[in-house]
Every structure is written in C-alpha cells, then in structure tokens.
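Step one of this worksheet: look at the structure below.
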Amino acid sequence: AAFSLTAQAQDMPAGSIAPDMPEKFQVQDANFDYVRKNVMIPMRDGVKLYTVILIPKAAHDAPILLTRTPYSADHMVSYASSGHMASIMQGYDNMPDVIMDGGYIRVIQDVRGKHDSEGKYVMNRPMHDTSLNGTQVDHATDTWDTIEWLVHNLPQSNKKVGIIGISYDGYTSLTALFHPHPALKVSVPMNPMVDGWMGDDWFHYGAFREETLPYVYNQDTTPKGTAKWWANEYDAYDLYLNGVSAGAVGKARGMDQIGFFKQLLAHPAYDSFWQQQAIDKLLLKEGLKVPTLLVHSLWDQEDISGAIDTYYTLQKNAASAANLYLAMGPWNHGGEAKAASTLGSINFHADTGLYFRKKILEPFLAHYLKDSSIPLPGRVTAFRTGDNEWETTTTLPSQDCRSGCTGLHFEPGHGLGLAAPVADAGVVSYTADPDHPVPYIPRPVITSSAPGTPWANWLATDQRNVTARPDVLSMTSPVLTHPFTIKGQPVVHLTASTTGTDGDFVVKLIDVYPDEVPEQREMGGYQFMVSADILRGRYRKSFEHPEAIPANTPQLYSFNLPMTNHTFLPGHRIMVQVQSSWFPLYDRNPQTYVDNIFLAEASAYKSAQISIDVAKSWVDVHATTPTGNIFAASTP
Ligand code: PG9
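Residue numbers (my numbering): 495 to 1130.
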C-alpha cells in the first residue's frame, strides 16, 4: 500500500492534492434488505425530476407508494442506521409500520425546482388549465409522467400506484387526482394544504399568518433551502412588533425578490389568484375518480381547513362522494404518522396514531392496491376527545348549521348558556390596542421554525395564559352536570361595533376543566381550546371585496370554526373567548382601514374600543347529547 501511495502522488499534477472522496461512492448494499435507485425521471417538457426508489429485495407483484415533496427526497430517507429499509424510513411521510411492513415499493420524488430536481419551483404551482399557469405542466402532469415511468420500469411492481403525503405532500396527493393516470388506484392526502387563503397556511379568513414568513424565506430563496431566515430578536413578538407590518418585515429581509412573497403582497383579498388555486373547488369540477382517504388533524396548527373543506366540497357530487373517505383524530399537523397518545398536556390514554395507521390506513391501502377482499374502513372514522372514543359514521353534520344546531348564547355578566337572552342584554367591551396585541402563546414567542418552539402543540396550550387580560373577553357557562358532545364546525355569530374602521375577531371555544383533576393534577382548571379561528373584519361581507367597517355601528361577524368532535364532561364548563389579535401568528390589524395591510404605516395602527352585543352574539354547535337542563343551578 505504501508503494501505491507514492505512485498516486507522483501521478498528480504539481500543486494539487489527492481528494478523499471518490467521484461516485458506491454503497455496498449486499446485506441490505432493499435496493435503492436514484433516478432522474423525464417529464413531458424535458425537465427531469430526482426520484428515490426503494425496492424490498423480496418484492414481486408489489404495489408502489409514491410521495412528491419539496422537502428533499434524499433527506426523507437519510436516517440509515442499518441495512434494513425501516431504518431509512423514519421520518416525515414515511410510516414504516404501514409502508415497509406492507411490502410496498417506496418512491419519493423532489418536485420541480427543489433539491435535486430540475426545473423552476413555484410555491403552489397553479394547475396548467387555469389562467395562472401558461405552461403545459403542473403537479398533475408531473405525477402522470412519473407514474407512467414507474409502471414501465419497475418489473417488481404490480403496476398499481398509490400517492400519499402530509401537508405540502398532501397537496401533491390531491393534485395527482386531476386527469389521473390509470395506474393511480388510491390517494391519501394527509393534512393537505388546499386553499391557502381561506384557512390553511397563508391566511385564515383574510388574516395573514405572519409566522409563515420564515417558511417562505427558507423554502423559496434557493432550491436546497440553504438561505435561512434570521431575526435578531429572540422573542418573535418583539420581532414582528418592531417590524410594523408583515410586508415591511419581509422587505427588510429582501423577500421582495421572491415571486411568492410578491404575490402575497399583491393579493391580500380572496381574488381570482386564490380562487383559481382552491384545490377543493377545482376538484369538484374535475370529479373525484380515484378512491381517496382524506386525513384531518383536529388540532392542526398549519392546515386545519384543507381536508375538511375538501370533504364538504366533494360531497356536493354523488359520484365524487362515492370515492371519498375521511379519518380524523386528535393530532397536530402530521401527528397521525407518529405515536399520538397525548397532545401537549391532553392525554387520550391510547396511541391514536397507531390506531389510525393500523385500523384505517393499512386496510384502505391494501384493499385498493393489493386485494379487494380486504374490508375497507368506515366512510368517516373519527376520534372523539373528552370521552376518548373512536367512532365510525357515514357522514359529517352539515357545514352551515342552518338547522338542528344548539346556540351557546352570550349572557349578561360574562355568562354562556343555551337559552337566547332577553332582547336588550347590553354590551360587553374591551380595548384592543395594536401596540399590545394578545400573544397566541406565552412570551417569549419562539417562532415556528426555531429550535425549542412549542409550535407543534400550541393549539392545545392552556388559555389561562390570556384569560386575565382586559382585552380578552371570556363568556363562561355554569358547571355541566351532563356530558355535552359537539360535532362538526361551530358557527360564530358575533354582533359587534368598533370605534375603528377595521378590526379582527378571534373566537375560541374552550373546555374549562374542573379546579381539581385527581388523575392528572396539573390539569386542574386547564382551559383547553377545542376550536378557534380569526376573521379579518373587512371581509365580513365578502372575502373578495373588502369594505371598511363603519365606526360605532354594530356589524355581524359570522364564520365557521374548525371541525370538532368533543365531549365536554360533567364538572367541566364551556367558555367562549373573543379577542382582536392573535399575535404574531397573525399580523396585526391597524384597526384603521388601509388599502393593503401588508403595507400599513406605523401611524395607521390605533387602539379601538370593541363592544359586543350580548343578546345578538352566540356560537352554534351541533350538539348530539341532551341540551335541556345540563348545567348546575348556579354559576360558580
Ligand atoms: N404546512 C406546510 C405547507 C404546505 C403547503 C404549502 C406551504 C406550506 C407543510 O407542512 O408542508
């Protein structure tokens, strides 16, 4: 060996050095239980997409499970600690107990323009048959071309393909359903991003999710995400307050070079830019032809609307509804892919993630991809929190609550009850000061992308951290003597006036635990948010055409809260909270009407007095348990 070293040195041109790394390192996989192929699959426009294929060595006649991602195919299979396929499948979107144990061929592809794929990235690439995309390609055509290549190049497969993924990869699982390839037999969009304006990642009913700026920065600056968001302030509350508006915070970091950021700034309202990207509505027009299992997390901190809106929208067409299944559970974003016996402090006393994977996902995939005699799960399988039970139904309660709903009515003295109060019950007021917005989690707010962030479980945070604030209104029921079960989407009816000309309304439905919880003492008095959302007041009449709020004039603010399936237990109380900021998850509303809140000047941000008409404010819920005399006689 000493000789060959000398020889090698002599071969080298003067002034160079022998590199350690071979041109291409060959991994020795003789003792692996799978074969890995990294291939560039050509699309119809010549762009090649980087695709990792893991084939179990025992595979023959095996179905294929595809995921299309902007989060790096390599990264998603880079956890190798042994030669077993399961060891590299620990992580986002990979559920080894289903995918590997099921003998599937696993395929993960980088979408256009991200990581090792060619082409240009567009954050939410519009479908090619809309006016927003002048090319002939989109995620649907890329999926089609990929599947075409897979079924012709994987002799170990049975030529049946399923597509699966969480969040962005749930969105690509939905886009695969447009003009689907005949070999696509099933889709499983988990926590999919569906309509970025209405209630998923970017806005909720027009309020901008300022804490997504780091995501946009990290994702949309370089193909491999090498440029990282930065902030000098440790507390994101300070960062966004100092930055004034979301537009200014982004611009200070050069984000006005990013196409998607420019689109955000140009489209604060629900105009045709957003409407043409609402996947649920496009899919209704297209028709759902492939069996699809939508997966929804009831405490999804990122995409809490996507799966549910898609479910309701597709119910409008019987043929599409016939291909549709829904599973939902007490998870955060993607929590169903992991162990899920708790959500923050809330304990479900059983692994609901494992139940989902084994009892719902596994048979669903196996039925369509392996053997149609394997029984399917129910149409709708849902975990009910509070009393912690799984249940199966054929459908969900109506989305609008037009009939058959129970009102949780505001009452004088900050009460909440089932009887509509007398006509003139007065108002309850608070001052909303944009210089002191209500934090969505206790400060310091560790931003969603930073180490140590409580982001994943924040929706289950104890609301006592804000209940005592004078700008948070809490309406509380007496103690329940009976269980009170609600399902579906609560509908808010708030009649309020403001001294300003714009304003936000956050409404939260909260389960207040008894002061003493012997089996879990730290839960005593816990205020568990069951469902909550925000409406930007300028959109109260039209999401497309904002209107200033006439000062000091009562207005109706009506909007749906996220899906529930929850039992308030005896001994607990029901609370509804109202506040005018949820910061910095949502950008501040200046409370003075300006054309574009992204560009609001510091001088526009003004305090406002908010007055809620007690008799004309309530939250409708689908209650499935008795609604008669369910409360103890006196308000505690
Ligand atoms: N919620 C993330 C996302 C989806 C779609 C667009 C942008 C962001 C995600 O977790 O993938």
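Note that the Cβ used here is the ideal one computed from N, Cα and C, for glycine as well.
Residue span of the beta strand (DSSP E) that contains residue i, given as start and end
i	result
Met594	Here Met594 belongs to no beta strand (DSSP E), and DSSP marks it neither H nor E.
Ser1025	Gln1021 to Arg1030
Ile599	Ile599 to Asp604
Met579	Note, Met579: premise wrong, no beta strand (DSSP E); alpha helix (DSSP H) at Met579 to Ile582.
Ala876	Val874 to Arg878
Ser867	Neither: Ser867 is in no beta strand (DSSP E) and is coded neither H nor E.
Leu1063	First-last for Leu1063: undefined, no H or E at that position.
Tyr586	Counting along the chain, Tyr586 falls outside any beta strand (DSSP E), and DSSP gives it neither H nor E.
Thr1131	Since the first residue of the chain shown is 495 and the last is 1130, residue 1131 is not available in this structure.
Gly823	Leu818 to Gly823
Leu626	Counting along the chain, Leu626 falls outside any beta strand (DSSP E), and DSSP gives it neither H nor E.
Thr563	Ala556 to Thr563
Arg530	Tyr528 to Pro536
Ser923	Val921 to Ala926
Val1001	Asp998 to Val1006
Tyr544	Lys542 to Pro550
Tyr1051	Gln1049 to Asn1054
Span of the alpha helix (DSSP H), counted from its first residue to its last, around residue i
i	result
Thr637	His633 to Asn647
His861	Glu856 to Leu863
Ser971	Neither: Ser971 is in no alpha helix (DSSP H) and is coded neither H nor E.
Phe490	Within the shown structure, residues of the chain are numbered from 495 to 1130, placing residue 490 beyond reach of any answer.
Val985	Val985 -> not in any alpha helix (DSSP H); beta strand (DSSP E) instead, spanning Phe978 to Thr992.
Met570	Ala567 to Met570
Val960	Arg958 to Thr961
Ser667	Tyr662 to Thr669
Thr846	Thr846 to Tyr849
Ala812	Ala812 to Ala815
When the options are compared against residue i, the one with the closest alpha-carbon
i	options	result
Ser566	Val710, Val932 and Arg606	Arg606
Arg577	Pro1044, Ala524, Asn588 and Asp797	Note on identity: in this sequence residue 577 is Gly, with Arg being the wrong assignment. The option with the nearest alpha carbon to Gly577 is Ala524.
Gly659	Pro869, Ile593, Leu776 and Thr1061	Ile593
Gly781	Thr975, Val1113, Phe672 and Thr970	Phe672
Gln1014	Ile940, Asn841 and Ser971	Asn841
Ala1071	Trp724, Arg747, Pro649 and Gly909	A small correction: the amino acid at residue 1071 is Gln; Ala does not occupy that position in the sequence shown. It is Gly909 whose Cα lies nearest to the Cα of Gln1071.
Val680	Thr995, Gly664, Trp691 and Met692	Gly664
Val784	Ala772, Met589 and Ala816	Ala816
Leu855	Ala914, Gln795, Asp587 and Val601	Asp587
Pro620	Lys653, Leu668, Leu820 and Ser839	Leu668
Asp750	Trp1112, Asp714 and Lys779	Asp714
Lys614	Thr624, Asp632 and Tyr598	Asp632
Asn826	Pro928, Leu837 and Pro1078	Leu837
Thr545	Ala552, Arg538 and Val533	Val533
Pro1084	His1039, Lys1110, Asn1046 and Arg1030	Arg1030
Tyr711	Pro686, Arg747 and Gly690	Arg747
Leu902	Phe1125, Thr961 and Lys852	Phe1125
Lys1110	Tyr1051, Ile582 and Val541	Tyr1051
Ile1131	Val616, Ser942, Ala677 and Ser835	Outside the shown range of the chain (495 to 1130) lies residue 1131, about which nothing can therefore be said.
Ser991	Asp623, Lys810 and Asp1107	Asp1107
Ala444	Asp1009, Val1088, Lys779 and Thr1061	This structure does not reach residue 444, given that the chain is present from 495 up to 1130, and the question cannot be answered.
Arg538	Glu905, Gln630, Val571 and Pro674	Gln630
Ala962	Ala721, Lys745, Pro933 and Ala944	Pro933
Lys832	Pro590, Ser1105, Arg1082 and Thr563	Pro590
Gly997	Pro931, Gly1018 and Ala950	Pro931
Val655	Gln584, Ile599 and Ile980	Ile599
Cutoff 8 Å: residue i Cβ touching any chain D Cβ
i	result
Ile535	The structure shown contains no chain D; it is built from a single protein chain.
Presumed contact (8 Å Cβ cut-off) between residue i and residue j, rounded CB distance
i	j	result
Val1011	Val1001	Val1011 to Val1001, Cβ: 26 Å. No contact.
Leu818	Thr786	6 Å
Leu548	Tyr528	5 Å
Ser799	Val688	7 Å
Asp694	Asp797	4 Å
Phe1092	Gly753	The Cβ separation is near 15 Å, so there is no contact.
Leu1003	Arg1067	Their Cβ separation, rounded to whole angstroms, is 12 Å, which puts Leu1003 and Arg1067 out of contact at 8 Å.
Thr1058	Gly946	Between Gly946 and Thr1058 the Cβ distance is about 30 Å, and since that is not below 8 Å, they are no contact.
Asn618	Gln769	That belief does not hold up - the Cβ atoms of Asn618 and Gln769 are roughly 13 Å apart, past 8 Å.
Pro977	Leu870	About 31 Å separates the two Cβ atoms, so there is no contact after all.
Ser1025	Leu988	Contact flag wrong, Cβ pair sits at about 15 Å.
Could you say if the region 556-576 and the region 626-641 meet the contact criterion of at least three C-beta pairs nearer than 8 Å?
The way I'd put it, the region 556-576 does touch the region 626-641; three or more beta-carbon pairs between them come closer than 8 Å.
Ignoring anything shorter than 4 residues or poking outside the region 675-723, list the alpha helix (DSSP H) runs there in chain order.
Whole alpha helix (DSSP H) segments, 4+ residues: 707-714.
If you pair each beta-carbon of the region 801-812 with each one of the region 844-863, do three or more pairs fall below 8 Å?
no
Every unbroken alpha helix (DSSP H) within the region 722-799, with a cutoff of 4 residues, ordered by chain
730-737, 740-745, 753-760, 766-769 and 773-780
Pairing CB atoms from the region 749-769 with CB atoms from the region 680-700, are three or more of them under 8 Å?
Contact holds: three or more Cβ-Cβ distances are below 8 Å.
Enumerated in chain order, which unbroken segments of the beta strand (DSSP E) with a length of 3 residues or greater are wholly contained in the region 1074-1119?
1102-1107 and 1112-1117
Hey, is the region 1089-1106 in contact with the region 953-962, meaning 3+ C-beta pairs nearer than 8 Å?
no
Cβ contact (3+ pairs, closer than 8 Å) linking the region 1108-1126 and the region 890-898:
yes
Identify every run of the beta strand (DSSP E) within the region 878-909, keeping only runs that are complete inside it and at least 3 residues long; order them along the chain.
With a minimum length of 3 residues, the continuous beta strand (DSSP E) runs that stay inside the region 878-909 are 883-887 and 900-905.
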